[in-house]
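K.L.:
For the sequence shown, this note's numbering begins at 114 and goes up steadily by one.
The following block contains the structure, expressed as structure tokens.
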Amino acid sequence: MRGRWLKLFLTAAALVGLVPAAMLYAATRAAPCDRTEVTASIGTSGAALPAGPPPDRLDIVLVGDTGFNSSDAPVDAKGIHKGRAVTSFPETLAGISRDIDGDLAFANVETVVTDRNDLSPESKDKDAPFHFRSHPAAVKALMDVGFNMFGLANNHAFDYGATGIEETLYHFAVANAERAIAYAGIGSNFEEAIHPSCLDLDGTRIAFSAIGLITGDQPQYRADPKSAVQASYRNRPDFEAVVDKLIAMSADYRILSIHYGLEGRVVPDDRQLADWRGFAAEEKGIDLIVGHHPHVAQGVELDGKSLIFYGLGNFLHPGTAEMTRFGLCRDYGLMAKVHLARADGSWRVEAIEAIPLTNTQTKPERFSPEESQKRIYALNHLGAGLDDGKNAKGVRFTPQADGSGLYCAEGAADLGGKLATLCQGWQPAAEPNKPLADKIADACEDKPFYGRHAAPKRRASSRRESSPSPFPFQGLRPF
Numbered sequence: 114m115r116g117r118w119l120k121l122f123l124t125a126a127a128l129v130g131l132v133p134a135a136m137l138y139a140a141t142r143a144a145p146c147d148r149t150e151v152t153a154s155i156g157t158s159g160a161a162l163p164a165g166p167p168p169d170r171l172d173i174v175l176v177g178d179t180g181f182n183s184s185d186a187p188v189d190a191k192g193i194h195k196g197r198a199v200t201s202f203p204e205t206l207a208g209i210s211r212d213i214d215g216d217l218a219f220a221n222v223e224t225v226v227t228d229r230n231d232l233s234p235e236s237k238d239k240d241a242p243f244h245f246r247s248h249p250a251a252v253k254a255l256m257d258v259g260f261n262m263f264g265l266a267n268n269h270a271f272d273y274g275a276t277g278i279e280e281t282l283y284h285f286a287v288a289n290a291e292r293a294i295a296y297a298g299i300g301s302n303f304e305e306a307i308h309p310s311c312l313d314l315d316g317t318r319i320a321f322s323a324i325g326l327i328t329g330d331q332p333q334y335r336a337d338p339k340s341a342v343q344a345s346y347r348n349r350p351d352f353e354a355v356v357d358k359l360i361a362m363s364a365d366y367r368i369l370s371i372h373y374g375l376e377g378r379v380v381p382d383d384r385q386l387a388d389w390r391g392f393a394a395e396e397k398g399i400d401l402i403v404g405h406h407p408h409v410a411q412g413v414e415l416d417g418k419s420l421i422f423y424g425l426g427n428f429l430h431p432g433t434a435e436m437t438r439f440g441l442c443r444d445y446g447l448m449a450k451v452h453l454a455r456a457d458g459s460w461r462v463e464a465i466e467a468i469p470l471t472n473t474q475t476k477p478e479r480f481s482p483e484e485s486q487k488r489i490y491a492l493n494h495l496g497a498g499l500d501d502g503k504n505a506k507g508v509r510f511t512p513q514a515d516g517s518g519l520y521c522a523e524g525a526a527d528l529g530g531k532l533a534t535l536c537q538g539w540q541p542a543a544e545p546n547k548p549l550a551d552k553i554a555d556a557c558e559d560k561p562f563y564g565r566h567a568a569p570k571r572r573a574s575s576r577r578e579s580s581p582s583p584f585p586f587q588g589l590r591p592f
């Protein structure tokens, strides 16, 4: 009930002047982008600052699945417990915090957010009895290093039932009242769950929506319009409603977060290609589509003006499997930095940085440059498989001295500033040597990856409505 009481309090307080209207709308995530008087500015709380000239550059950082606890573990404001050791939330992010340097920084929050240890876990499929909850201090730690955009729609949003949804909404509303953030994908009713969030950056309006798998594919979590819900990606009307709401919002740039895929698979399935590329990008014109759920990186694609990340893999989550055993096509999470420039009123992708991450179960950090470059070549191998001979082109990244990968559009270096620094002298990626290419081809074989102790028993395409187990790496550790 916290979320509902918070809304009632903020509404009443705004009416009597205790809370500025801008804070009210930011806290309830109800400000449309064209309501500039109630749209919060990034990095501020309360009323929006006077707008200056709209920016002509925009940098976006993207990471994947994020949580701060093992399955069924109690929450603690002090940090993450592993045995007798406690790691503070800021400490878990210290190795990667300097890379969170965008105007926008996105993470998929794959956990209930609550400070309560008395919540009852939801009954789930016996093959996936995992329940994740993280303390709100963890969200603050994410915000403190620069994250300000959060996808909340995923198959763990309901791990503690409708009360868990209300807890998550409450704590994000409190965080948003302190500092402007965008969060989307769940709501106290269906209309709220499909409504986009919005951030204003000096007059540039960024609209953001999220949709994902439902916990255990249980229909009650999307069917009741009066209770806390999440739109279901597998229900086509839900997906279309989320996309249409995002398109309808007055905005300069639109970002869609989708939590879907087959765990361990490094190649998008038919549904991803049809829905993300065909519908959301080509038909509807969504600018940026951010995928997660397989817990491994998938290829990156440019399709006209649209940019698609089919899978970012893990960012930071103690409840996930230790990935280092799974080979160089599956043993890393992907951080991306998207650099945009505006010309003639529209935004264009000028450069993309790809940064492979290791230690995603505890303290994410970069690989050594040599090892990181191998993952960049693996990512390029996956990108090559996305070329459709028409509009879609898989992105190939040129390995850099620091181990990151870089893609630059033609003419990006001529735009000056950071883009000139990044892209001066950039050349398209060369092919890896044959031994490495052969190793990558073997590691990136297109097949579901279920771990050593589980028999392959699920679909190659995920068109059907029934839900696979959320954690197919059985015999190892849960995802």
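Don't be surprised by glycine CBs; every beta carbon is placed ideally from N, CA and C.
1) So is S363 buried or exposed if we call it buried at 16+ other beta carbons inside 10 Å?
2) To which residues of the same chain is A94 closer than 6 Å at the C-beta, ignoring the five residues directly before and after it?
3) Who are the near neighbours of D559 in its chain, counting only those whose CB is closer than 6 Å to its CB and skipping five residues on each side?
4) So V225 packs on F245, CB below 8 Å; how close in whole Å?
5) Here's the rule: buried if 16 or more other CB atoms are within 10 angstroms of the residue's CB, otherwise exposed. What is K487?
6) Select from V413, G424 and L265 the residue whose C-alpha is nearest the C-alpha of L282.
7) If we count Cβ pairs, one from each stretch, closer than 8 Å, do we get three or more for the stretch 209–222 versus the stretch 166–176?
8) Can you give me the start and stop residues for the alpha helix (DSSP H) that A286 sits inside?
9) Count the other CB atoms, across all protein chains shown, that sit within 10 Å of the CB of R347; report buried if there are 16 or more and exposed otherwise.
10) Which whole-angstrom value describes the C-beta separation of L369 and A393, a residue pair presumed to lie in contact below a C-beta threshold of 8 Å?
11) Grouping DSSP H, G and I as helix and E and B as strand, with all else coil, what is G502?
12) Express the C-alpha separation of R197 and P407 in angstroms, rounding to a whole number.
13) Any heavy atom of the ligand NAD closer than 7 Å to the CB of A387?
14) Between L232 and G277, is the Cβ-Cβ spacing less than 8 Å?
15) Please state whether DSSP places T475 in a helix, a strand or coil.
16) Just list the residues that DSSP pairs C557 with in beta bridges.
17) Assuming A323 and G298 are in contact, meaning their beta carbons sit under 8 Å apart, how far apart are those beta carbons, in whole angstroms?
18) What is the DSSP secondary structure of L549, reduced to helix, strand or coil?
19) I need the DSSP call for I489, collapsed to helix, strand or coil.
20) Apart from the five residues on each side of it in sequence, which residues of its chain come closer than 7 Å, Cβ to Cβ, to P309?
21) Please go through the stretch 199–275 and give each complete beta strand (DSSP E) segment of 3 or more residues, from N-terminal end onward.
22) So does the stretch 543–556 actually touch the stretch 182–198, counting three or more Cβ pairs closer than 8 Å?
23) Please say whether G404 and F422 have beta carbons closer to each other than 8 Å?
24) Short of 7 Å in beta carbon distance, which residues of its chain neighbour N493, apart from the five on each side in sequence? Order them along the chain.
25) Restricting to Cα atoms, I'd like to know which of A467, E204 and G502 is closest to S485.
26) Could you tell me whether any Cβ in chain C is nearer than 8 Å to the Cβ of G426?
27) So, with DSSP's three-state summary, where would you put L375?
28) Take L535 and list the residues in its own chain whose beta-carbon comes closer than 6 Å to its own, dropping the five residues that flank it on each side.
29) Classify F392 as helix, strand or coil using the three-state DSSP reduction.
30) Identify every residue that forms a DSSP beta bridge with G529.
31) Please go through the same chain and pick out, in chain order, the residues whose beta-carbon is closer than 6 Å to the beta-carbon of S517, but skip the five residues on each side of it.
32) What's the gap between the Cα of Q411 and the Cα of G374?
33) From what residue to what residue does the beta strand (DSSP E) around F428 run?
34) Please look up how many angstroms separate the CB atoms of H452 and L532, rounded, as I've assumed it's under 8 Å.
35) Compare the C-alpha of A250 against each of P545, N267, D272 and T227 and name the closest.
36) Hey, how far is the Cα of E544 from the Cα of E280?
P.N.:
Straight from the coordinates:
1) Per the 10 Å Cβ criterion, exposed.
2) One cannot answer for residue 94 here, as it falls past the ends of the chain, which runs 114 to 592.
3) Cβ within range, chain order: V380.
4) Indeed they touch by this definition, with Cβ atoms about 7 Å apart.
5) K487 is classed as buried because its beta carbon has at least 16 other beta carbons within 10 Å across all chains shown.
6) Of V413, G424 and L265, the residue nearest in Cα terms is L265.
7) Segments in contact, yes.
8) Looking at the DSSP string, the run of the alpha helix (DSSP H) that includes A286 is G274 to E291.
9) The residue is buried, with at least 16 neighbouring Cβ atoms inside 10 Å.
10) Yes, they are in contact, since the Cβ atoms of L369 and A393 sit about 6 Å apart, within 8 Å.
11) Assigned with DSSP and collapsed to three states, G502 falls in coil, not helix or strand.
12) Taking the straight line from one Cα to the other gives about 31 Å.
13) Looking at this structure, you won't find the ligand NAD or any other ligand, since it has none at all.
14) By the CB criterion at 8 Å, L232 and G277 fall inside the cutoff.
15) If DSSP states are grouped into helix, strand and coil, T475 belongs with coil.
16) BP columns for C557 are empty, so no partner.
17) That belief holds up - the Cβ atoms of A323 and G298 are roughly 3 Å apart, short of 8 Å.
18) If DSSP states are grouped into helix, strand and coil, L549 belongs with the helices.
19) Annotated three-state conformation of I489 is helix, per DSSP.
20) Hits under 7 Å: A297, A320, F321, S322, K358, L359 and M362.
21) Here the runs fully enclosed are 217–222 and 262–264.
22) No: fewer than three Cβ pairs fall under 8 Å.
23) With respect to the 8 Å criterion, F422 and G404 are classified as neighbours on the basis of their beta carbons.
24) Excluding residues within five positions, the ones whose Cβ falls inside 7 Å are R509, F510 and A542.
25) Looking from the CA of S485, the closest CA among A467, E204 and G502 belongs to A467.
26) Structure shown: chain C not included; a single protein chain is present.
27) Of the three classes helix, strand and coil, the one that applies to L375 here is coil, per DSSP.
28) Hits under 6 Å: A464.
29) Note: F392 maps to helix in three-state DSSP.
30) The partner list for G529 (beta bridge, DSSP) is empty, contrary to what the question assumes.
31) For S517, same chain residues with a beta-carbon under 6 Å away, outside a window of 5 residues either side, are E466 and I468 in chain order.
32) Their Cα atoms are separated by approximately 10 Å.
33) DSSP places F428 inside the beta strand (DSSP E), whose first and last residues are N427 to L429.
34) Rounded to whole angstroms, the Cβ separation of H452 and L532 is 6 Å, and the two are in contact under 8 Å.
35) For A250, the nearest C-alpha among the options comes from T227.
36) A direct Cα-Cα distance of roughly 49 Å separates E544 from E280.
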